[in-house]
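Below is one structure, written out as structure tokens, with a few remarks after it.
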Amino acid sequence: MIIELGHFALILALPVAVLQAGLGLAGAARGDWNAMAAARTAALAQFILIALAFATLVHAYVVSDFSVLNVAENSSLQKPLFYKLTSVWGNHEGSMVLWVLILSLYGAAVAWFGDAMPPRLCARVLGVKGLVAIGFLLFILFTSNPFLRLDPAPANGQGLNPILQDPGLAFHPPFLYLGYVGNAVAFAFAVAALIEGRVDATWARWVRPWTLASWCFLTVGIAMGSWWAYYTLGWGGWWFWDPVENASLMPWLAGTALIHSSIVVERRDTLKSWTVLLAILTFSLSLVGTFLVRSGVLTSVHAFALDPRRGVFILALLVVAIGGSLTLYAMRAPRLQPGGLFAPISREGALVLNNVVLAACCATVFIGTLYPLFLDAVGGPKLSVGYPFFDRTFVPLVIPLLLAVGIGPLLAWKRGDLLGALQRLWAAFAVAIVVVLIGLYVERGGPVLAVLGLGLAAWMAMAAAVEVADRVRLFRAPWPEVWRRAINQPRASYGMSLAHFGLAVTVAGISASAFQQQRIVMMHLGDQTQLAGYTLRFDGIGKHDGNNYTADVAEFTLLDGSRVIAHLAPQRRFFPLQQQTVSKTSIHTNLLADFYLALGDPDGKGGWAVRAYWKPLVPFIWIGGVIMAFGGAVSLSDRRWRVGVAARRAARAALPARGSGA
Amino acid sequence: MIRAVVVAALLLGFVPAALAVEPGEMLANPQLEARAEAIGKQLRCLVCQNESIEDSNADLAHDLRVLIRNRLTAGDTDAQAIKFVTDRYGDFVLLKPPVEPATYVLWFSPFAILTIGALGAWLYIRHRRPVPPDEPLDLNQRRKLERLLLEDQ
Chain A
522 MIIELGHFAL ILALPVAVLQ AGLGLAGAAR GDWNAMAAAR TAALAQFILI
572 ALAFATLVHA YVVSDFSVLN VAENSSLQKP LFYKLTSVWG NHEGSMVLWV
622 LILSLYGAAV AWFGDAMPPR LCARVLGVKG LVAIGFLLFI LFTSNPFLRL
672 DPAPANGQGL NPILQDPGLA FHPPFLYLGY VGNAVAFAFA VAALIEGRVD
722 ATWARWVRPW TLASWCFLTV GIAMGSWWAY YTLGWGGWWF WDPVENASLM
772 PWLAGTALIH SSIVVERRDT LKSWTVLLAI LTFSLSLVGT FLVRSGVLTS
822 VHAFALDPRR GVFILALLVV AIGGSLTLYA MRAPRLQPGG LFAPISREGA
872 LVLNNVVLAA CCATVFIGTL YPLFLDAVGG PKLSVGYPFF DRTFVPLVIP
922 LLLAVGIGPL LAWKRGDLLG ALQRLWAAFA VAIVVVLIGL YVERGGPVLA
972 VLGLGLAAWM AMAAAVEVAD RVRLFRAPWP EVWRRAINQP RASYGMSLAH
1022 FGLAVTVAGI SASAFQQQRI VMMHLGDQTQ LAGYTLRFDG IGKHDGNNYT
1072 ADVAEFTLLD GSRVIAHLAP QRRFFPLQQQ TVSKTSIHTN LLADFYLALG
1122 DPDGKGGWAV RAYWKPLVPF IWIGGVIMAF GGAVSLSDRR WRVGVAARRA
1172 ARAALPARGS GA
Chain B
3 MIRAVVVAAL LLGFVPAALA VEPGEMLANP QLEARAEAIG KQLRCLVCQN
53 ESIEDSNADL AHDLRVLIRN RLTAGDTDAQ AIKFVTDRYG DFVLLKPPVE
103 PATYVLWFSP FAILTIGALG AWLYIRHRRP VPPDEPLDLN QRRKLERLLL
153 EDQ
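Read top to bottom, the protein sequences are chains A and B.
For what it's worth, the working numbering labels the leading residue of the first sequence as 522, then goes sequentially.
For what it's worth, the working numbering labels the leading residue of the second sequence as 3, then goes sequentially.
Below, the structure written as structure tokens:
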């Protein structure tokens, strides 16, 4: 009965979405204030209905109601409550409900804060979001309905794939979706601006917080997924250029370009047409990502959907959304008048460089991911595009951008002084050279590119520090003044420095992964093995009974000489329900390096296969990601974005006097 | 990667138990083993998503690892060992697709796109002219303006 209530709520959300779209778009076109206000109410109602539907699904999972097909297929009685909850989105149907829930949450947020916005813009944004919601609600109700019943109900469910029963993966999809779907807000703003035929600094100021927020979520989501792969795999790989990963990387790259280009729109009232296009492309890539993962075009655990009907439906959705918005763009973009001029060497110029490179990187990932599918579809040879391709294309493309990250923030708007900026960066340059020289000396005959990567990371990190020091006039002004300046700096500029610093940390982690050492051996009780100057001792092996698995638990001691550093206990877990064995790795970290241990198969004669790795700086990859997202959050807390400020600015902008752009 | 391995495992009905390279597979000669690992890193585990045979725990990857090691022990060069595999599985097994007419688009478009983008941005920045100010009012319009202003007073 409860699940039918949820089903009904979701069905009811469809006409409400139609109302939201119709009232929002038509109301804005006719200047009908009542209709525009009703669109906002519809957005709130839609959120309540979808939240209700989602809640009933959660309830079905918590009480293990196996008369619901979706629950029977993806849950079981033995599973811990935590994984019963996360199973709700650990399957195709449930994850699509989460998708529309987040979409409606953003819609409700726009409606809630809508007082600060021009009513027409708000109504149009909600209208466009309503259209997106219609598409996805139809998709769920007709091809992926999680509310269907199963009769007779089985006594127990089939359980969740053991690989998915992991805290890292439990929160990976919600963060990714918060990122993907957040891009729908920027998309809605872009389409609304095209309908109005106007993009200005105020528009950029409203779009930016949404874009920034979804970028932060996407950053965390991708980092989480990569971290999960790292500790689950048993050999410590963290990125595979797997189509599913690429699907999340493409909107991230486009979104990164978007948060940079929207700064130019906000500050200098130019690059408007490009920014609108980028907002459309970012969301389009989010849709492409959903399509790639959901349609069954690719086979991987993420591609749960094996039903071609779904693929065709999403493809149609893709064509309508992307084709429609790009057609609108082609018709209306020429109306957008470019504003301020700037020289090639300037802050704007640096941001254009950022956009050109990020767009090329994004295109590379796009082609690398889809070209094999395309070639296969036209009857060409079957190809694999793996890491060697991206090492030779993506990596060289991104290097000039990483070099420029240090310089760009030191250039002035309109016309910058490149030589002056480089002079101010002498300290960063010196540190980078020292890092490279030390690296080359320590790693004689080792991977040179990795050492250069570390130098690049040092350059970016130092450049971020120099930029902050420069702004507060550190060592050049008396301390009280430095302090006053440090306090008065806008948070957005600290956010930028943090994000750039986080990027440097990630690049350092990626580069240093080339220095890893490994040892793969068969060990007996009491055996010792050496790795990277440490001793690993095999102390014992035992059995452990988990909730829904049994495990072999090995005990190891990690020693530095005779000093005990850590006890490690890697496991081999066997899930009887799925007849699957999963390796649970054990990692000792001091944040500068990981000691990574995985337990393999026994040889039946008392020996166990053991894989041990020493991975220097590898935690930096994810720490850097977290710093980047934190930088985004700091920037988001800048008072410029606060609702009241935007409203006051809007009121001022409404006065007949023309503002100065900056 | 492992998610793909698991799907393959579920579909094909076997259970992945071992972890990638196993101690028993490794060659005693460290130089030969290093060569085998380098080759293995370039070859795709056919039932996985973009995972090399060196990193995969699928049975097929295990067989290919053993095959490569046997070829090297028998005296094959690296190129001969790779050719031995591509002759049987086609170019699909190569993680780095060959550069040939069918892949020109794949290999050259990244840099072509960067070049075109950079060129476009450069031309845009250099050749933009300030938007001309609104045309000055002609005589009739000016008179009309004055009349309106007078009426206002």
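All C-beta atoms in this analysis are idealised placements derived from N, C-alpha and C, irrespective of residue type, glycine included.
Counting only Cβ pairs nearer than 9 Å, list the residues of chain B close to residue i.
i: ASP721 of chain A; result: Result: empty, since nearest Cβ-Cβ is about 14 Å, beyond 9 Å.
i: GLY870 of chain A; result: ALA123, ILE127
i: TYR908 of chain A; result: LYS43, ASN52, SER54, LEU97, LYS98
Could you give the C-beta distance for residue i and residue j, rounded to a whole number, given that I count them as a contact under 8 Å?
i: GLY703 of chain A; j: SER735 of chain A; result: 2 Å
i: SER596 of chain A; j: TYR582 of chain A; result: 6 Å
i: TRP795 of chain A; j: SER805 of chain A; result: With a Cβ gap of about 15 Å, TRP795 of chain A and SER805 of chain A do not count as contacting.
i: VAL631 of chain A; j: CYS643 of chain A; result: 7 Å
i: ARG67 of chain B; j: ILE55 of chain B; result: 6 Å
i: ALA722 of chain A; j: VAL646 of chain A; result: Between VAL646 of chain A and ALA722 of chain A the Cβ distance is about 17 Å, and since that is not below 8 Å, they are no contact.
i: PRO99 of chain B; j: LEU108 of chain B; result: 7 Å
i: ALA542 of chain A; j: GLY648 of chain A; result: 5 Å
i: LEU973 of chain A; j: VAL993 of chain A; result: Not confirmed; about 31 Å, so no contact.
i: GLY758 of chain A; j: ASP93 of chain B; result: Actually they do not touch by this definition, with Cβ atoms about 23 Å apart.
Starting from residue i, find everything on chain A with Cβ-Cβ shorter than 8 Å and list it in chain order.
i: ARG130 of chain B; result: PRO859, LEU862
i: PHE86 of chain B; result: The contacting residues do not exist; PHE86 of chain B stays about 18 Å from chain A at best.
i: VAL107 of chain B; result: ILE888, TYR892
i: GLY92 of chain B; result: PRO902, LYS903
i: ARG192 of chain B; result: For chain B, the structure presents residues 3 to 155; residue 192 of chain B sits outside this window and is missing.
i: LEU207 of chain B; result: The question about residue 207 of chain B has no answer, for chain B in this structure spans 3 to 155.
Would you tell me roughly how many angstroms separate the C-alpha atoms of residue i and residue j, rounded to the nearest one?
i: LEU147 of chain B; j: GLY552 of chain A; result: 30 Å
i: ALA851 of chain A; j: GLY611 of chain A; result: 39 Å
i: ALA674 of chain A; j: THR607 of chain A; result: 22 Å
i: LEU590 of chain A; j: SER747 of chain A; result: 31 Å
i: ARG1084 of chain A; j: PHE1141 of chain A; result: 26 Å
i: LEU1120 of chain A; j: PRO772 of chain A; result: 36 Å
i: GLY860 of chain A; j: VAL873 of chain A; result: 15 Å
i: TRP620 of chain A; j: GLY1127 of chain A; result: 49 Å
i: VAL728 of chain A; j: PRO930 of chain A; result: 22 Å
i: LEU1118 of chain A; j: ARG1093 of chain A; result: 12 Å
i: PHE568 of chain A; j: LEU857 of chain A; result: 33 Å
i: GLY901 of chain A; j: ILE866 of chain A; result: 45 Å
i: ARG90 of chain B; j: LEU29 of chain B; result: 24 Å
i: ALA837 of chain A; j: LEU891 of chain A; result: 18 Å
i: ASP1124 of chain A; j: ILE684 of chain A; result: 24 Å
i: GLY1016 of chain A; j: ALA744 of chain A; result: 19 Å
By the criterion of Cβ-Cβ separation under 9 Å, what are the contact partners of residue i in chain A?
i: GLY119 of chain B; result: ASN876, VAL877, VAL878, ALA880, ALA881, ALA884
According to DSSP, what are the bridge partners of residue i?
i: PRO1123 of chain A; result: A:TRP1129
i: LYS1136 of chain A; result: A:ASP1115
i: PHE1077 of chain A; result: A:PHE1059, A:LEU1089
i: ARG815 of chain A; result: Note: ARG815 of chain A sits in no beta bridge, so no partner.
i: ILE1108 of chain A; result: A:TYR1117
i: THR1071 of chain A; result: A:ASP1066, A:PHE1095
i: ARG46 of chain B; result: B:SER54
State the start and end residues of the unbroken beta strand (DSSP E) segment that holds residue i.
i: GLY678 of chain A; result: That residue, GLY678 of chain A, is in no beta strand (DSSP E); it is neither H nor E in DSSP.
i: HIS515 of chain A; result: There is no way to answer for residue 515 of chain A, as the model of chain A reaches only from 522 to 1183.
i: ARG1093 of chain A; result: 1092-1096
i: MET1044 of chain A; result: 1038-1044
i: LEU1089 of chain A; result: 1084-1089
i: LEU1052 of chain A; result: 1049-1052
i: GLN1101 of chain A; result: 1101-1105
Give me the chain B residues within the contact set of residue i, using Cβ-Cβ distance strictly less than 7 Å, ordered along the chain.
i: LEU896 of chain A; result: ALA104
i: ILE1041 of chain A; result: VAL23, PRO25, MET28
i: THR914 of chain A; result: PRO112
What residue does the alpha helix (DSSP H) around residue i start on, and which one ends it?
i: ILE55 of chain B; result: From DSSP, ILE55 of chain B is part of no alpha helix (DSSP H); its letter is neither H nor E.
i: GLU964 of chain A; result: Premise fails: GLU964 of chain A is in no alpha helix (DSSP H) and is neither H nor E.
i: ILE866 of chain A; result: Segment: none, ILE866 of chain A is in no alpha helix (DSSP H) and carries neither H nor E.
i: THR848 of chain A; result: 845-853
i: ILE1031 of chain A; result: 1012-1033
i: LEU924 of chain A; result: 908-928
i: GLY545 of chain A; result: 523-551
i: PRO694 of chain A; result: 693-717
i: PRO640 of chain A; result: 640-664
Give the residues of chain A in contact with residue i, contact being defined as C-beta atoms less than 7 Å apart.
i: ASP165 of chain B; result: For residue 165 of chain B there is no data in the structure shown, the boundaries of chain B being 3 and 155.
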